[in-house]
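**Student:** Take this structure, written in structure tokens, and hold onto it; I'll ask about it next.
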Amino acid sequence: EAQVTQNPRYLITVTGKKLTVTCSQNMNHEYMSWYRQDPGLGLRQIYYSMNVEVTDKGDVPEGYKVSRKEKRNFPLILESPSPNQTSLYFCASQGALGNEQFFGPGTRLTVL
Amino acid sequence: GQNIDQPTEMTATEGAIVQINCTYQTSGFNGLFWYQQHAGEAPTFLSYNVLDGLEEKGRFSSFLSRSKGYSYLLLKELQMKDSASYLCAPNSGYSTLTFGKGTMLLVSP
Chain V
1 EAQVTQNPRY
11 LITVTGKKLT
21 VTCSQNMNHE
31 YMSWYRQDPG
41 LGLRQIYYSM
51 NVEVTDKGDV
61 PEGYKVSRKE
71 KRNFPLILES
81 PSPNQTSLYF
91 CASQGALGNE
101 QFFGPGTRLT
111 VL
Chain E
1 GQNIDQPTEM
11 TATEGAIVQI
21 NCTYQTSGFN
31 GLFWYQQHAG
41 EAPTFLSYNV
51 LDGLEEKGRF
61 SSFLSRSKGY
71 SYLLLKELQM
81 KDSASYLCAP
91 NSGYSTLTFG
101 KGTMLLVSP
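Protein chains in written order, with this note's numbering: chain V, 1 to 112; chain E, 1 to 109.
Structure, rendered in structure tokens:
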């Protein structure tokens with residue numbers, strides 16, 4: 001089954017404790033993205049990647065890192081999480097820029 | 001950069017027709033996506049318009065006017081399950097998608 005998976009689905013952590021949210025797709029897609037979604041602000045792009053070893057900042061990259069060492073994986077790293085990063089995070093992939101994006105199920109992160 | 005504008009909220013009754021508008025300004029344009037998102041869930045694809053005009057897909061239709069930077073999503077025969085947020089996303093053609101803030105549609109009995 002074609003899908004995008006994210007782990008964990010829910011995470012409660014404390015300020016400053018490094019964490020990684022994994023994202024994997026099995027559709028051999030070149031393009032992958034991370035978004036955060038907050039009430040009243042909609043989906044905002046954090047980082048995106050157009051291919052292996054090619055990443056670029058989206059609209060709200062501060063406090064986040066990503067890597068794209070293999071085509072299928074695009075982890076999101078929070079080196080020192082802060083409470084303002086409490087949000088719902090979505091990973092997405094697409095095969096080409098004109099194609100639809102497929103979204104993962106989301107990761108609800110709470111930073112205390 | 002991109003500027004995307006859609007109404008924040010709309011309400012309608014079951015069985016009715018509703019039109020959700022989206023205006024956009026982008027530095028490049030290759031088409032426009034509409035997604036549906038139920039609360040707490042991932043967005044799911046509804047439609048993609050590349051050319052001007054109306055595309056119909058069952059109860060949902062989407063319209064695009066490239067010269068006006070305008071699109072709308074038309075939902076007919078509304079059902080309770082259509083209560084969701086509807087996201088407009090113009091495709092710039094050089095990056096992955098940027099989404100509008102979404103229009104929350106509430107369908108009442």
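Glycine included, C-beta positions come from ideal geometry on N, C-alpha and C.
Between the segment 87-110 of chain V and chain E, which residues of the former have a C-beta closer than 7 Å to a C-beta of the latter?
**Tutor:** Cβ contacts with chain E: 90, 94, 97, 98, 100, 101, 103, 104, 105 and 106.
**Student:** Between residue 42(V) and chain E, is any beta-carbon pair separated by less than 8 Å?
**Tutor:** Yes, because at least one Cβ of chain E sits closer than 8 Å to the Cβ of residue 42(V).
**Student:** Check the Cβ of residue 97(E) against every Cβ in chain V and list those closer than 7 Å, keeping chain order.
**Tutor:** Within chain V, the residues near residue 97(E) are 101.
**Student:** Considering only the alpha carbon of each residue, which of 87(V), 109(V) and 48(V) lies closest to residue 71(V)?
**Tutor:** The residue with the shortest Cα to Cα distance from residue 71(V) is 48(V).
**Student:** Of all the residues that make up the segment 27-60 of chain V, which are near chain E by a beta-carbon distance shorter than 9 Å?
**Tutor:** Listed in sequence order: 31, 32, 33, 35, 37, 40, 41, 42, 43, 44, 45, 48, 49, 50, 56, 58 and 59.
**Student:** CA-CA distance, residue 94(V) and residue 3(V)?
**Tutor:** Their backbone Cα atoms lie some 11 Å apart in a straight line.
**Student:** Apart from the five residues on each side of it in sequence, which residues of its chain come closer than 6 Å, Cβ to Cβ, to residue 23(E)?
**Tutor:** Cβ within range, chain order: 5, 69 and 70.
**Student:** Give me the subset of the segment 36-51 of chain E whose CB atoms are less than 8 Å from a CB atom of chain V, sorted by chain position.
**Tutor:** Under the 8 Å Cβ criterion, the segment 36-51 of chain E contributes 40, 41, 42, 43, 44, 45, 48 and 50.
**Student:** Check whether the segment 76-86 of chain E and the segment 84-104 of chain V are in contact - that is, three or more C-beta pairs closer than 8 Å.
**Tutor:** Output reads no: the segment 84-104 of chain V does not touch the segment 76-86 of chain E.
**Student:** Closer than 8 Å by C-beta to residue 110(E): which residues in its own chain qualify, once you throw out the five before and the five after it? Chain order, please.
**Tutor:** Limits of chain E in this structure are 1 at one end and 109 at the other, which puts residue 110(E) out of reach.
**Student:** Where does residue 28(V) fall in DSSP's three states?
**Tutor:** It is coil, neither helix nor strand.
**Student:** Cβ atoms of residue 105(V) and residue 6(V): under 8 Å apart, would you say?
**Tutor:** Yes, these two residues count as a Cβ contact at 8 Å.
**Student:** Spatial neighbours of residue 75(V) within its chain, please: C-beta separation below 8 Å, excluding the five flanking residues on both sides.
**Tutor:** Counting only Cβ-Cβ distances below 8 Å, and skipping sequence neighbours, we find 20, 21, 22, 23, 66 and 67.
**Student:** Tell me the residue span of the beta strand (DSSP E) that contains residue 26(E).
**Tutor:** Element bounds for residue 26(E): 18-26.
**Student:** Residue range of the beta strand (DSSP E) that residue 9(V) falls in?
**Tutor:** Where residue 9(V) is concerned, there is no enclosing beta strand (DSSP E), given that its DSSP letter is neither H nor E.
**Student:** Within a Cβ cutoff of 6 Å, which residues of the same chain sit near residue 125(V), ignoring the five residues on either side of it in sequence?
**Tutor:** No information on residue 125(V) is available, as it lies outside the stretch 1 to 112 that chain V covers here.
**Student:** Which value, in whole angstroms, describes the spacing of the CA atoms of residue 80(V) and residue 13(V)?
**Tutor:** When rounded, the distance between both Cα atoms is 11 Å.
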